[in-house]
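Structure, as structure tokens:
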Amino acid sequence: MKQTDLSTAYGLIHLPAKVALVVTEKPQSGYNLITIEWFMRTSIQPPMFAISIGLTRFSHECLQQNRYFNLVFPSVEMKDICALAGSTTGREIDKMESSQVKYFPGKLHKIPVLEEAVAVFECEIVTQVRSGDHTIFVGEIKYCWANPEKRMLVYDIKGEI
14 MKQTDLSTAY GLIHLPAKVA LVVTEKPQSG YNLITIEWFM RTSIQPPMFA
64 ISIGLTRFSH ECLQQNRYFN LVFPSVEMKD ICALAGSTTG REIDKMESSQ
114 VKYFPGKLHK IPVLEEAVAV FECEIVTQVR SGDHTIFVGE IKYCWANPEK
164 RMLVYDIKGE I
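Here our numbering is used: the first residue of the sequence shown is 14, the next is one more, and so on.
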């Protein structure tokens, strides 16, 4: 064991990585997608997930104004949607339309439930905390959806596994 810099140490443990999509409601109308890697389950009772969103991201603005999100665990079939959602901004394009993602309105605030996902958790934000250049939004899970026959999208050093 030797001391090193953050990039070197994090590079050793970063992959394989799970990614998720977050669906938010835009401030005016419509919905936005963002690909994230920083998420975690935070409570069993009541059930909660936390997501970490950069302060400069359009999704941050969306979550500040509309206090609901869907946490989506993508299937391997959703790789292109994850790439689009993680490389473009919802300020400039409609990611839902551009990706042609299939969805139906969720039960909580009608936020889209993506049909090809492995699992989707409909969440209402109950608290948030500033964490450096990000905000951690904690959402209480209100409804859950699952496709047990789907395989989760995971990334290794070469791409998808």
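C-beta: ideal position from N, C-alpha, C; glycine also. In this text the structure is predicted, and so the values were computed from the model without any measurement.
Open item on the list: Quick check: what's the CA-CA separation for I138 versus K155?
Closed with: As a position in the sequence shown, residue 138 is number 125, starting the count at 1. As a position in the sequence shown, residue 155 is number 142, starting the count at 1. So the two alpha carbons sit approximately 10 angstroms from each other.
Open item on the list: Taking the beta carbon of V142 as the centre, do at least 16 other beta carbons fall within 10 Å, making it buried, or is it exposed?
Closed with: Indexing the sequence shown from 1 puts residue 142 at position 129. Result: exposed.
TODO: Indicate whether S100 and A130 have their beta-carbon atoms separated by less than 8 angstroms.
DONE: Numbered from its first residue, the sequence shown carries residue 100 at position 87. Numbered from its first residue, the sequence shown carries residue 130 at position 117. In this structure, A130 does not lie closer than 8 angstroms to S100 by Cβ.
TODO: For chain D, find out if any of its Cβ atoms is closer than 8 angstroms to the Cβ of Y44; answer yes or no.
DONE: Of the protein chains in the structure, only one exists, and it is not chain D.
Task: Residue span of the alpha helix (DSSP H) that contains E110, given as start and end - done: Against the sequence shown, residue 110 aligns to sequence position 97. Looking at the DSSP string, the run of the alpha helix (DSSP H) that includes E110 is 108 to 112.
Open item on the list: Suppose contacts are defined by Cβ-Cβ distances below 8 angstroms. Is L25 in contact with T148 by that definition?
Closed with: Along the sequence shown, one-based indexing puts residue 25 at 12. Along the sequence shown, one-based indexing puts residue 148 at 135. The beta carbons of L25 and T148 sit no closer together than 8 angstroms.
- [ ] Go ahead and label G152 buried or exposed: buried means 16 or more other beta carbons lie within 10 angstroms of its beta carbon, across all protein chains shown.
- [x] Stepping through the sequence shown from its first residue, residue 152 is reached at position 139. So G152 counts as buried.
Task: E137 in three-state terms, based on DSSP - done: In the sequence shown, counting from the first residue as 1, residue 137 sits at position 124. Reduced to three states, the DSSP call for E137 is strand.
Open item on the list: On the CB-based measure, 16 or more other CB atoms within 10 Å of its CB, does A63 come out buried or exposed?
Closed with: Here the question's residue 63 lines up with position 50 in the sequence shown. That one is buried.
- [ ] Give the straight-line distance between the Cα atoms of S42 and V114, rounded to the nearest whole angstrom.
- [x] Your numbering for residue 42 matches position 29 in the sequence shown. Your numbering for residue 114 matches position 101 in the sequence shown. Cα to Cα, S42 sits roughly 17 angstroms from V114.
Open item on the list: Could you tell me the alpha carbon to alpha carbon distance between E38 and R104, rounded to whole angstroms?
Closed with: By 1-based counting over the sequence shown, the position of residue 38 is 25. By 1-based counting over the sequence shown, the position of residue 104 is 91. Here the C-alpha atom of E38 lies approximately 12 angstroms from the C-alpha atom of R104.
- [ ] Let me know the secondary structure DSSP gives K120 once reduced to three states.
- [x] The sequence position of residue 120 within the sequence shown is 107, counting from 1. In the three-state DSSP reduction, K120 falls in the coil class, being neither helix nor strand.
Open item on the list: Between the alpha carbons of A30 and Y81, how many angstroms are there, rounded?
Closed with: In the sequence shown, the residue the question calls residue 30 occupies position 17. In the sequence shown, the residue the question calls residue 81 occupies position 68. So the alpha carbons of these two residues sit roughly 25 angstroms apart.
Task: Whole-angstrom C-beta distance between C136 and L84, which should lie under 8 angstroms - done: Working through the sequence shown from its first residue, we reach residue 84 at position 71. Working through the sequence shown from its first residue, we reach residue 136 at position 123. Right, their Cβ atoms sit about 6 angstroms apart.
- [ ] Between the Cα of A98 and those of M53, E162, Y44, M165, spot the shortest distance and give me the residue it belongs to.
- [x] On the sequence shown, residue 98 is found 85 positions in, with the first residue counted as 1. Looking from the CA of A98, the closest CA among M53, E162, Y44, M165 belongs to Y44.
- [ ] State the DSSP-derived secondary structure class of V131, mapped to helix, strand or coil.
- [x] Counted from its first residue, the sequence shown places residue 131 at position 118. In the structure shown, V131 sits in coil (DSSP, three-state: anything other than H, G, I, E or B).
Task: CB of I47 within 8 angstroms of CB of V32, strictly - done: Taking the first residue of the sequence shown as position 1, residue 47 is located at position 34. Taking the first residue of the sequence shown as position 1, residue 32 is located at position 19. Going by beta carbons, I47 and V32 fall outside the 8 angstroms limit.
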